[in-house]
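Participant: Position in the sequence shown counted from 1, then plus 3, gives you the numbering used here.
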Amino acid sequence: MALKYDGIWHSAVCDVCKDTFRDDDGYTHYADGCGLLMALDDAHWAHDGKHAYCPKHWRLVCTHCGRIATGASGALLAEGWLRHGDWYCPACVKKGDIWGTKTY
Numbered sequence: 004m005a006l007k008y009d010g011i012w013h014s015a016v017c018d019v020c021k022d023t024f025r026d027d028d029g030y031t032h033y034a035d036g037c038g039l040l041m042a043l044d045d046a047h048w049a050h051d052g053k054h055a056y057c058p059k060h061w062r063l064v065c066t067h068c069g070r071i072a073t074g075a076s077g078a079l080l081a082e083g084w085l086r087h088g089d090w091y092c093p094a095c096v097k098k099g100d101i102w103g104t105k106t107y
C-alpha cells in the first residue's frame, strides 16, 4: 500500500516509482489522513484510498464505466479526464454521465 499509517503518522509513496510525497514545506508525514489527502490533491498526486501516484504516474479509474488510464497528470487531463468528486473518463464526460443523466 502506498498510503501508509504507522499508528502515529500518515504518509504516501508513489506505487510506480516509489518516490516519497513531500509537500512544499518538505513535510512527508501528517498527523491525520485527511490532511495528507488534501496535501496530495494540492500537489497533483492521485490517490484512491489505498494507493498514491505521483504526477508522473497517475492511475485513474472512471467511476462510471470503469475505464483505467495511466500516465502523466498533464497528459491525462489534456485527454479530458475530469474530477467531479470522483474521476471520470473523457467518454463519460462527453456523454454527460458525471451528472447522473446521459445526454446521448
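Cβ coordinates follow ideal geometry from the N, Cα and C atoms, glycine included. Source: prediction; values computed, not measured.
Taking 8 Å as the cut-off, decide whether the C-beta atoms of Ile-101 and Leu-80 are in contact.
Facilitator: No, Cβ-Cβ distance for Ile-101 and Leu-80 is not below 8 Å.
Participant: For Arg-25, collect the residues of the same chain with a Cβ closer than 6 Å to its Cβ; drop the 5 residues on either side in sequence, then sort them by chain order.
Facilitator: For Arg-25, where only same-chain residues beyond five positions count, the Cβ hits under 6 Å are Thr-31.
Participant: Is the beta carbon of His-50 closer than 8 Å to that of Ala-75?
Facilitator: No, Cβ-Cβ distance for Ala-75 and His-50 is not below 8 Å.
Participant: Comparing alpha-carbon positions, which option in Ala-55, Val-96, Asp-35 and Asp-44 lies nearest Lys-21?
Facilitator: Of the listed residues, the one whose Cα sits closest to Lys-21 is Ala-55.
Participant: May I have the straight-line CA-CA distance separating Gly-52 from Leu-6, to the nearest angstrom?
Facilitator: Gly-52 and Leu-6: Cα-Cα distance of roughly 7 Å.
Participant: So which of Tyr-8, His-67, Thr-66 and Asp-45 has the shortest CA-CA distance to Cys-57?
Facilitator: Out of Tyr-8, His-67, Thr-66 and Asp-45, Asp-45 has the C-alpha closest to the C-alpha of Cys-57.
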